[in-house]
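What follows is a short report on a single structure.
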Amino acid sequence: MFTIVDRRLNPSGKSLANRQRFLRRAKEQVMRAVRDASAKRGIKDIDMGGDISISPDGIKEPTLQRSSSGGARNYVVPGNKEFMSGDKIKRPPQGGGGGQGNEGADDGDGQDEFRFVLSREEFIDLFLEDLELPDLAKRKLAVTDSLDWHRAGYSVSGSPTNLNLVRTMRNSLARRIALNRPTGDEIKALRVEIDDLERTGRDRVRLEEAREELALLLRRTQRIPYIDPVDVRYNRFDATPRPAAQAVMFCLMDVSGSMTEHMKDLAKRFYMLLYLFLTRRYKHVEVVFIRHTHKAQEVDEETFFYSPETGGTVVSTALEEMQRVVEARFPPSEWNIYAAQASDGDNALSDNGKTAQLMKEIILPICQYYAYIEVGQDGMSPGLAYGGGVRETDLWRTYKSIAEPVLAMRRVTQRREIYPVFRELFAKDGVAQQAEAGA
Amino acid sequence: MSIITSLGNVLGGGAAAGGEPLYQGADWDYDKVRRVYDAIEQVAVQDLGLDTYTNQIEVITSEQMLDAYSSIGMPLFYKHWSFGKHFARDEAMYRSGQRGLAYEIVINSNPCISYIMEENTMTMQTLVIAHAAFGHNHFFKNNYLFQQWTDADGILDYLSFAKEYIAKCEERFGHVAVERVLDAAHALMNHGVHRYPRRRTPDLRNEERRAREREEHRERTFNDLWRTVPGKAGGASPLSDRDRRRAMLELPEENILYFLEKKAPRLDGWQRELLRIVRHVAQYFYPQRQTKVMNEGCATYCHYRILQTLHERGQLTDGAWMEAMHSHTNVVFQPDFDDRRYGGINPYALGFAMMQDIERIASNPTAEDREWFPDLAGRGDPMGALRHAWANYRDESFILQYLSPALIRKFRLFHVADDARDPEMKVAAIHDERGYRAVRHALARQYDIAWAEADIQIVDVDLVGDRRLILEHRVLNQVLLDEASTKAVLQHLADLWGYEVELEEVDPATGARLKKHTIAPRRVLGSPV
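One line per chain: the protein sequences are A and B, in this order.
Just so you know, we're using the numbering used here here: the first sequence kicks off at 1 and counts up by one.
Just so you know, we're using the numbering used here here: the second sequence kicks off at 1001 and counts up by one.
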């Protein structure tokens, strides 16, 4: 007697709850490990899971054990080839004796690091934990045109396509029973009886009665309709305004000759983080790449990062291009607009006024957030002046004069600064402090 | 290859009488499993005389096998981060290919549940069914330790209760509070077992009834006169305060979790219940820790005999037999101590070798065996002898009783004594006439859990003073406790107890006090008194 049970279709991941408890327990170490790991990663793999190793300190499970050194011990070991009793053997270097085997190595002791694998979801969650999109006043006022329809019970009026058959038939049935409408079976039975009586020709009285009955039933059938307009029910749909759950991210970059590969790389990393972050918060994220020299154009990603371009630097062209794209494709009432601009801070002197005006009057009002990243040469603060003090670049000074909470500015010179800067910008309460923190 | 095949044909000489192979090829399906199970059962019951719980075989995926690992093989278990940690490590090792998965997991329950993996070939399923569903199953049902200490009928229900109870506690008191109690309880888990059968304590209802009866009796026989009877002159009780206190608290007590559950002053009811659950789980696994060699030896011997018999009868193809033997030899491989692969004595290897040895001694003894095992040698009925051994021994006593000189020679076992006071280790005994008994004795000791684990007891509570809990470690062979982990465990203990905890390491031979650890509670679990 035995039973065989197929458990393969049972949901797997039974230990998920345990895993979550474990991650919660080791959170600090895991977070640290995630940050370290992400620093080493290429940009493309930033949103993948992966091997994580953490120190076993916080996750030890201590037990009362005897120490692994000192005292008198006895081991019985297999595989004697040369020893005679009474022989002396040198102690193996690290405790454990001639082969204490697995004892004691069970937990905590022997291992330096605890290695395990994080899934992609877990990795990203930890990576972006306690970051938040700045929640700005403008969006609250925004009226959205787009509506979401969803089921909201039943109504007595509606279009035929929304007819709810089940409800309708249920009502009809109830009414027919209540008003005692003759059923098809009753009428059929009576007709058969009349037929029978007519053919045989006996019992005339019963025939008359039956005919009358039938006439009555037919009359009732006509008066009490099978489906009455009062039975009919329609599915009701309610419209709720849909919050704009889509975002567009504008990547603006100066690609003039003064931007080195290193600077572009820094910018790219920042864009990647922002993109990753936006995709976590919005269902749908579009990315628009605008590069500029003394003129600006919208390009694809490949061109944006890798195609060389020369020319002067006029920032306002990029802003104008952005304004054009927004007007053409991304009405601010439907889209959350984010912009990230990367530049080495150069701008044509004559353009600064126009840039400031454009920003203040057009760009910033339509943006949820505008991040300006000033990238510098590796190991060198951008715009290092002759005297050794920090000289503010043209663009920096221009933007600083705007001083709107929507606009955030940071300087980055090294790869490892990208993530801290990003965190600073989006830390949960970081919005307020950003304006003056630049210098 | 042709030689092997022809050898198979010779072996399969009885095939004409035995009949058709049960299956061909590597794929398995339910029909084949059913056929094979029936064939195995016939061999197991008729030829080996095994007596098993009803079997329930569950087919699972490798993913589910990993899941099962993390909750110590049990089909349901309460939630705790440490299981998640083990799961994460097992998964990482499995995915990176450092470690394969076990072929099976078997649970000591009634019906006896064995898991088989869908990826395995039909031959592996056959091997696993013979190994787990019959070998382990027989051992679980018949070994005295399991009979005495585990309740195969009730375990799954109990675990399901425990899981729900702990989940409810988490809901009500918060994850953190529950986790802290469980952490502390897990740290003391090895000291949460009763090593000796105790008087069965009556259940609560009976307890209450008895208390009532006692009260009634006292009321019935009340006589005020007794009050006037003068007391004994001098009045001093022969018992000292300490003795009375210890008697009242039922000290000394080595089951620390039990003591805390019953006597810790500050714990809440649910916290006591959690300690009780952990204690029960520890108790359930206690026999398994004492019978690794026997349990695996029994199961390995059974699968070997069963498959061999099936093959002899022609019910197993030669190919399947070769495949099974390939896995079998991998399992019972014992590397030498100087081999890189050495990781202690392989319980499968030792167990299987000992079972085969018993079979040999019973049916075909040498003069040496007759001298060493006068009762066993040549008595015939090897299965009877084996079943007797499986039922009535644990690893330590089994090795002490049955490890033969022939086997010591085969394994080339030798005994190394390592005294920290000497500059070098000494080979105390090898596989020669003078050494057999010493080696056997030392090996048995190695498997004695009472020797492997520190002997720690609660000896006193300072009731008049600061309620300090006093424990004693009776040091064996001058091996003290590991400083760091002891501190951590005592911290947990102090948190549970709610007051200071003191652990003294004492040499029982000389009475010398070697070391003292004192820890004050950091975050008391439970409510203030």
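Idealized CB from N, CA, C, for every residue including glycine.
So, helix, strand or coil for residue i, using DSSP?
i: N1295 (chain B); result: helix
i: K1515 (chain B); result: strand
i: V1229 (chain B); result: coil
i: E309 (chain A); result: coil
i: S157 (chain A); result: coil
i: G110 (chain A); result: Because G110 (chain A) sits at a pLDDT of 42, beneath the cut-off of 50, its placement in the model cannot be relied upon, and the following sentence gives the value as read from the coordinates. The answer is coil: DSSP assigns G110 (chain A) none of H, G, I, E or B.
i: T1329 (chain B); result: helix
i: D148 (chain A); result: strand
i: E1504 (chain B); result: strand
i: C251 (chain A); result: strand
i: N164 (chain A); result: coil
i: M409 (chain A); result: strand
i: S401 (chain A); result: helix
i: L1471 (chain B); result: strand
i: V1193 (chain B); result: coil
i: V325 (chain A); result: helix
i: Y1103 (chain B); result: coil
i: V314 (chain A); result: coil
i: Y1541 (chain B); result: One cannot answer for residue 1541 (chain B) here, as it falls past the ends of chain B, which runs 1001 to 1529.
i: T1126 (chain B); result: helix
i: R120 (chain A); result: helix
Is residue i buried or exposed, if buried means 16 or more other CB atoms sit within 10 Å of its CB?
i: W335 (chain A); result: buried
i: S316 (chain A); result: buried
i: Y386 (chain A); result: At Y386 (chain A), the pLDDT of 44 sits below 50, so the modelled position is not reliable; the number obtained from the coordinates is stated separately. Y386 (chain A) is exposed by the Cβ-count criterion.
i: L1182 (chain B); result: buried
i: K1516 (chain B); result: exposed
i: D1495 (chain B); result: buried
i: N1223 (chain B); result: exposed
i: K1168 (chain B); result: exposed
i: W1390 (chain B); result: buried
i: F116 (chain A); result: buried
i: P1075 (chain B); result: buried
i: T497 (chain A); result: Residue 497 (chain A) cannot be examined here, being either before or after the span of chain A that is shown, 1 to 439.
i: D1029 (chain B); result: exposed
i: Y1196 (chain B); result: exposed
i: H1080 (chain B); result: buried
Cα-Cα, which of the options is closest to residue i?
i: I52 (chain A); options: A:E212, A:I194, A:A37; result: A:A37
i: D300 (chain A); options: A:I418, A:L165, A:V288, A:P308; result: A:V288
i: N235 (chain A); options: A:G158, A:G353, A:E61, A:E198; result: A:G158
i: Y1436 (chain B); options: B:R1468, B:A1488, B:Y1402; result: B:Y1402
i: F250 (chain A); options: A:S85, A:S15, A:I187, A:E320; result: A:E320
i: E1115 (chain B); options: B:Y1342, B:Y1103, B:Q1308; result: Going by the sequence as given, residue 1115 (chain B) is Tyr instead of Glu. Ranking B:Y1342, B:Y1103, B:Q1308 by Cα distance to Y1115 (chain B) puts B:Y1103 first.
i: H1138 (chain B); options: B:S1109, B:K1163, B:W1149; result: B:S1109
i: F1373 (chain B); options: B:H1431, B:L1400, B:G1351; result: B:L1400
i: F1337 (chain B); options: B:L1275, B:I1449, B:F1411, B:R1305; result: B:F1411
i: L1481 (chain B); options: A:I4, A:R8, A:L64; result: A:L64
i: Q1290 (chain B); options: B:Q1446, B:Q1056, B:Y1030; result: B:Q1446
i: H1280 (chain B); options: B:R1266, B:N1255, B:N1295, B:D1027; result: B:N1255
i: L1275 (chain B); options: B:H1186, B:Y1196, B:H1194, B:Y1348; result: B:H1186
i: V1128 (chain B); options: B:V1427, B:A1299, B:V1479; result: B:A1299
Ignoring anything shorter than 3 residues or poking outside the stretch 44-90 of chain A, list the beta strand (DSSP E) runs there in chain order. Counting whole runs of 3 or more residues, the stretch 44-90 of chain A contains the beta strand (DSSP E) stretches 50-54, 72-77.
Give the residues from the stretch 1095-1118 of chain B that approach chain D closer than 7 Å (Cβ to any Cβ), ordered along the chain. Structure shown: chain D not included; protein chains present are A and B.
If you scan the stretch 1388-1460 of chain B from start to end, which runs of the alpha helix (DSSP H) of 4 or more residues do you find wholly inside it? Runs found: 1395-1402, 1405-1411, 1436-1446, 1449-1452.
Quick one: which unbroken alpha helix (DSSP H) runs of 4-plus residues sit fully inside the stretch 181-220 of chain A? Chain order, please. Fully enclosed alpha helix (DSSP H) runs of 4 or longer: 184-200.
Quick one, which residues of the stretch 1420-1437 of chain B are near chain A if we go by CB-CB under 9 Å, in chain order? Against chain A - using a Cβ distance shorter than 9 Å - the residues of the stretch 1420-1437 of chain B are A1420, R1421, D1422, P1423, E1424, M1425, K1426, V1427, A1428, A1429, I1430, H1431, D1432, R1434, G1435.
Could you name the residues of the stretch 61-76 of chain A whose beta carbon sits closer than 8 Å to any beta carbon of chain B, in the order they occur along the chain? Only E61, P62, T63, L64, Q65, R66, S67, S68, S69, G70, G71, A72, R73, N74, Y75, V76 from the stretch 61-76 of chain A bring a Cβ to less than 8 Å from some Cβ of chain B.
For the stretch 4-20 of chain A, which residues have a beta carbon sitting closer than 8 Å to at least one beta carbon of chain B? So the list reads I4, V5, D6, R7, R8, N10, S12, G13, K14, S15, A17, N18, R19, Q20, given in the order they occur along the chain.
Scan the stretch 1450-1469 of chain B for residues whose Cβ lies nearer than 9 Å to a Cβ of chain A and list them as they occur along the chain. Interface annotation for the stretch 1450-1469 of chain B against chain A: A1452, E1453, A1454, I1456, criterion Cβ-Cβ distance under 9 Å.
To be precise: take each residue of the stretch 341-358 of chain A, compare its Cβ to all Cβ atoms of chain B, and keep it if any distance is under 8 Å. Which residues remain? For the stretch 341-358 of chain A, the set of positions with a beta-carbon nearer than 8 Å to some beta-carbon of chain B is empty.
Interface residues of the stretch 1067-1090 of chain B facing chain A [CB-CB below 7 Å]: Flagged, chain order: D1067, S1070, S1071, K1079, H1080, W1081, S1082, F1083, G1084, K1085, F1087, A1088, R1089.
When you check each C-beta in the stretch 1056-1067 of chain B against every C-beta of chain A, which residues fall closer than 9 Å? Residues of the stretch 1056-1067 of chain B that bring their beta carbon within less than 9 Å of a beta carbon in chain A comprise Q1056, I1057, E1058, V1059, I1060, T1061, E1063, Q1064, L1066, D1067, in sequence order.
Closer than 9 Å between beta carbons: that is the criterion. Which residues of the stretch 1174-1198 of chain B meet it against chain A? Closer than 9 Å at the C-beta level to chain A, one finds these residues of the stretch 1174-1198 of chain B: H1175, E1179, D1183, H1186, A1187, L1188, M1189, N1190, H1191.
Closer than 7 Å, Cβ to any Cβ of chain A: which residues of the stretch 1126-1147 of chain B, in chain order? For the stretch 1126-1147 of chain B, which is checked against every Cβ of chain A, not one residue is closer than 7 Å.
Output needed in chain order: residues of the stretch 21-38 of chain A with a Cβ under 9 Å from some Cβ in chain B. Here the close residues are R21, F22, L23, R24, R25, A26.
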